[in-house]
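Read the structure below first, then the notes.
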Amino acid sequence: MRSETQERFYPMDRGNPFNPPEDYAELRDKAPLSRVRLWDGTHPYLATRFADIKVVLSHPRFSCEPNREGFPHVLEGRMVADKADRSFLRLDPPEHDRLRRMVTKEFTVRKVEQLRPRIQETVDRLIESYTSLPQGADFVEHFSGPLPTEIITYLLGVPFEDHEFFHRATRIQFGSKSSQAEVRQSLDELFAYLDALIDAKEKNPGDDVISRLVAEQLVPGHVDRETLINIVRLLLSAGHQTTQNMTALGVLTLLQHPDQLALIKQDPTLIPNAVEELLRYSSVLHMGARRVALEDIDVNGHIIREGEGVICSIPAANRDGELFPDPDRLDVTRPQARSHVAFGYGVHQCVGQVLARAELQVVYGTLFNRLPDLRLAVPFEQLRFRHDMFVYGVHELPLKW
Amino acid sequence: MKIQIDKARCIAAGQCVLQAPKVFDQDEEDGIVILLNDNPTEDLWESTRMAARLCPSEAITIIED
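Rendered as C-alpha cells:
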C-alpha cells in the first residue's frame, strides 16, 4: 500500500523556475498517486511517476472528456474552454481517431521535411529583423512568438495579420486568472472569427489545411461545422503557444547552461538530441494531462476508482530518476532524452510534434551560431516566468547580441 | 527480428519514422504507419526497437528471433 501524505493544493509553486515544484520529488518517492485539492474543492489524484503516467495515458478506460463527472479542472477559466471543446483533443476513441485522421496527413515527417526550408528562411529573416531592433528587445515578442505563428498560419491558411487577435484569445483562454465569463466571451469571438474564415475558404479555397478540411471533410458531411471550427482552433492555438514558449524557454535554458550550449555549437549533430533534452527538461505543458477513470483501474498496484480524476504531471514524469538518471541535470547528450513525455503519451500525443521538433531544431541550430554573443539583457531574477499560464515559459525575454 | 504493425491503433505521431526511416513510413493519405521492411537487418534493430518503445499508441510489435 502506498501511503498518502498531507493533501496539497494544485497547481503548486515552483522554487527554481527551471524545475518542477520541489514537492514533486517527495511525492514521487512516497506517494506517486496522491490526492491534491483544486480551486473548485475537488480532490483528484496527482500522478508523478513516469511508469504510472504511461499507464494512465495509454489506458482505454481513462477518458479525456471534460464533461464527464470527476474530470479534473485545474483552472477555472480553462474549465469553460475544455467543456466547450469539440476537437479530438477532448474526445475518446473511436471518434477521436476518426477526427484526428482528418489532419494527420498534414503533419507527417515527409510534409514537415518539405517545410524545413521555409522554417529556415523564416528563422533567418526573424533574426535579421530582431537584431535590427535596439539591444534588449524582447525575444518573445519579436522572435519566438512570430516564428510558430507564421508557420502555423501559413499551413492553415489563416491571415498572419490577425495574430494579435488570436494571441490575445490564447492569453485569455489559457490564463489562470481569467474568469469564466472572460473565457466564454473570448471563445465566442474566436469561434465567430473562424466561422467567417471557413466561409471564406468555402468560397475561395487556397492551398492550405483549412481549405482541404472544408472540401474533403465538411462539404461531404464527414464533420459538422462546429467540430471543424474546434479542430482549427486547436491547431491554431497549439501550433503557436506551445512552440513559442518552448523556443524562448529553451534559449534561456541554454544561455544559463553555457557548457551545454558550447557542446551544441561545437557539434551541430547534437541538435536533435538537444531538442529532446530541452523538451524533457522544460516540459512546458505543466498543468497536467488529465483523465477520469470509467471503471476501477489498477495503476501499478494502486486502484483508481470509477469516476475519479487523475492529473498526470508531465514535468514530474520527465524528471523521474527511474528513467532519467540525475534528472535535474540538463545534458544535451543524454541517451534516453527522447523517451520523454513532453508531447504527452497514448492516443492524444501531440499531432504537431514533428513540426515542433523541426522548428526547435532550426532555431537552436541557427540562432547561437548567427549571434554568438547572445545573452540576457536583464538580471535573471527580473524575468517573469509563466507560473500563471496553462503553458509554461517566460513572459518576456530581453536579450543582447 | 520480425515486426508487426497495427494500423487501427496507429495515431500517426510519426515517432517511428523519425527513429527508423528505413523500416517505417507514413501513408500520404492519413499519416498512418506503413511497414517498409518486416525483417530488418541487424544494423536496424536498435532504431527499430526504439521506434516500438516510443510509439505512443503501442502499434508496433517486435518479435525477436
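Sequences listed follow chains F and U, in order.
The opening residue of the first sequence carries number 1 in the numbering used here; numbering runs sequentially from there.
The opening residue of the second sequence carries number 1001 in the numbering used here; numbering runs sequentially from there.
Ideal Cβ positions, reconstructed from N, Cα and C, are used throughout, including at glycine.
Fair warning: this is a prediction, and the values are worked out from it, not measured in the lab.
I need the boundaries of the beta strand (DSSP E) containing residue i, first residue and last residue.
{"i": "F:Arg37", "result": "Leu33 to Arg37"}
{"i": "F:Ala289", "result": "Ala289 to Ala293"}
{"i": "U:Val1033", "result": "Val1033 to Leu1035"}
{"i": "U:Ile1060", "result": "Ile1060 to Ile1063"}
{"i": "F:Val299", "result": "Ile297 to Val299"}
{"i": "F:Val310", "result": "Gly309 to Cys312"}
{"i": "U:Gln1004", "result": "Lys1002 to Ile1005"}
{"i": "F:Ile304", "result": "His302 to Ile304"}
{"i": "U:Gln1026", "result": "Phe1024 to Gln1026"}
Could you say which of the options lies nearest to residue i if we only look at CA atoms?
{"i": "F:Asp373", "options": "F:Val140, F:Gly136 and F:Val347", "result": "F:Gly136"}
{"i": "F:Leu187", "options": "F:Thr131, F:Phe166 and F:Pro159", "result": "F:Phe166"}
{"i": "F:Asn67", "options": "F:Ile303, F:Val109, F:Ile231 and F:Arg78", "result": "F:Arg78"}
{"i": "F:Gln353", "options": "F:Ser283, F:Val36, F:Phe107 and F:Pro32", "result": "F:Phe107"}
{"i": "F:Asp195", "options": "F:Glu216, F:Glu182 and F:Val232", "result": "F:Val232"}
{"i": "F:Gly70", "options": "F:Arg86, F:Gly309 and F:Arg37", "result": "F:Gly309"}
{"i": "F:Gly41", "options": "F:Pro148, F:Tyr364, F:Val299 and F:Val74", "result": "F:Val74"}
{"i": "F:Glu121", "options": "F:Phe50, F:Ala358, F:Gln185 and F:Asp52", "result": "F:Ala358"}
{"i": "F:Lys400", "options": "F:Leu228, F:Arg212, F:Val55 and F:Thr131", "result": "F:Thr131"}
{"i": "F:His387", "options": "F:Asp259, F:Gln6, F:Pro20 and F:Thr48", "result": "F:Pro20"}
{"i": "F:Val158", "options": "F:Ile210, F:Phe174 and F:Arg168", "result": "F:Ile210"}
{"i": "F:Ser34", "options": "F:Leu197, F:Glu7 and F:Phe143", "result": "F:Glu7"}
{"i": "F:Asp267", "options": "F:Arg280, F:Arg90, F:Asn369 and F:Gly221", "result": "F:Asn369"}
{"i": "F:Asp124", "options": "F:Val363, F:Phe390, F:Tyr392 and F:Val391", "result": "F:Val363"}
{"i": "F:Val391", "options": "F:Leu252, F:Val109, F:Thr242 and F:Glu141", "result": "F:Thr242"}
{"i": "F:Val251", "options": "F:Cys64, F:Val112, F:Leu397 and F:Leu234", "result": "F:Leu397"}
{"i": "F:His257", "options": "F:His59, F:Phe380 and F:Ala215", "result": "F:Phe380"}
{"i": "F:Leu323", "options": "F:Asn273, F:His240 and F:Arg49", "result": "F:Arg49"}
{"i": "U:Met1050", "options": "U:Val1017, U:Ala1008 and U:Cys1010", "result": "U:Val1017"}
{"i": "F:Arg280", "options": "F:Glu306, F:Val332 and F:Leu294", "result": "F:Val332"}
{"i": "F:Gln244", "options": "F:Met102, F:Leu57 and F:Pro146", "result": "F:Pro146"}
{"i": "F:Ala406", "options": "F:Arg14, F:His395 and F:Val351", "result": "For chain F, the structure presents residues 1 to 401; residue 406 of chain F sits outside this window and is missing."}
{"i": "F:Thr247", "options": "F:Glu277, F:Ile314 and F:Gln336", "result": "F:Glu277"}
{"i": "F:Arg28", "options": "F:Leu126, F:Val275, F:Gly321 and F:Pro134", "result": "F:Gly321"}
{"i": "F:Ala356", "options": "F:Lys111, F:Trp39, F:Arg384 and F:Ser63", "result": "F:Lys111"}
{"i": "F:Ala289", "options": "F:Pro44, F:Trp39 and F:Ala31", "result": "F:Pro44"}
{"i": "U:Asp1065", "options": "U:Leu1054, U:Gln1019, U:Ala1052 and U:Trp1045", "result": "U:Trp1045"}
{"i": "F:Val378", "options": "F:Asp85, F:Glu128, F:Phe343 and F:Asp138", "result": "F:Asp138"}
{"i": "U:Asn1037", "options": "U:Glu1029, U:Asp1027, U:Thr1048 and U:Asp1030", "result": "U:Thr1048"}
{"i": "F:Glu113", "options": "U:Arg1009, U:Thr1041, U:Gln1026 and U:Ile1062", "result": "U:Gln1026"}
{"i": "F:Asp298", "options": "F:Val347, F:Lys203, F:Pro17 and F:Ala51", "result": "F:Ala51"}
{"i": "F:Ala316", "options": "F:Arg116, F:Gln336, F:Thr149 and F:Val341", "result": "F:Val341"}
{"i": "F:Asn230", "options": "F:Phe88, F:Leu197 and F:Asn318", "result": "F:Phe88"}
{"i": "F:Ser282", "options": "F:Met12, F:Pro17 and F:Tyr10", "result": "F:Pro17"}
{"i": "F:Leu235", "options": "F:Leu46, F:Gly365, F:Phe385 and F:Leu155", "result": "F:Leu155"}
I'd like to know if residue i contacts chain F, where contact means its C-beta is closer than 8 Å to some C-beta of that chain.
{"i": "U:Val1033", "result": "no"}
{"i": "U:Glu1046", "result": "no"}
{"i": "U:Leu1018", "result": "yes"}
{"i": "U:Ile1003", "result": "no"}
{"i": "U:Asp1006", "result": "no"}
How about residue i: is its C-beta nearer than 8 Å to some C-beta of chain U?
{"i": "F:Lys105", "result": "yes"}
{"i": "F:Ser3", "result": "Summary for F:Ser3: the model assigns pLDDT 46, below 50, so the residue's position carries little reliability, and this model does not support an answer."}
{"i": "F:Tyr345", "result": "yes"}
{"i": "F:Ser58", "result": "yes"}
{"i": "F:Val310", "result": "no"}
{"i": "F:Val109", "result": "yes"}
{"i": "F:Arg14", "result": "no"}
{"i": "F:Asn19", "result": "no"}
{"i": "F:Gln349", "result": "yes"}
{"i": "F:Arg280", "result": "no"}
{"i": "F:Arg101", "result": "yes"}
Could you spell out the range, first to last residue, of the alpha helix (DSSP H) harbouring residue i?
{"i": "F:His167", "result": "His163 to Gln173"}
{"i": "F:Ile229", "result": "Arg225 to Leu255"}
{"i": "F:Gln185", "result": "Gln180 to Lys203"}
{"i": "F:Phe368", "result": "Gln353 to Arg370"}
{"i": "U:Val1017", "result": "Gln1015 to Gln1019"}
Can you list the residues of chain C that residue i reaches, using a CB-CB cut of under 8 Å?
{"i": "F:Ser339", "result": "This model lacks chain C altogether; the protein chains it does include are F and U."}
Notebook entry, point to check: Taking only runs of the alpha helix (DSSP H) that begin and end inside the segment 21–99 of chain F, which ones reach a length of at least 4 residues, in chain order?
Noted result: 23–30, 50–58 and 76–84
Note to self: Any C-beta of chain F within less than 9 Å: which residues of the segment 1035–1064 of chain U qualify?
What the structure shows: Met1050, Arg1053, Leu1054, Pro1056, Ser1057 and Glu1058
Next item on the list: Mind checking the segment 351–367 of chain F against chain U and listing, in chain order, the residues whose C-beta falls within less than 8 Å of any C-beta there?
Entry: Val351, Gln353, Val354 and Arg357
Notebook entry, point to check: Using a Cβ cut-off of 7 Å, which residues of the segment 205–236 of chain F contact any Cβ in chain U, in chain order?
Noted result: none
Note to self: Output needed in chain order: residues of the segment 85–97 of chain F with a Cβ under 8 Å from some Cβ in chain U.
What the structure shows: Asp97
Item checked: Whole runs of the alpha helix (DSSP H) within the segment 133–165 of chain F, excluding any shorter than 4 residues -> 146–156
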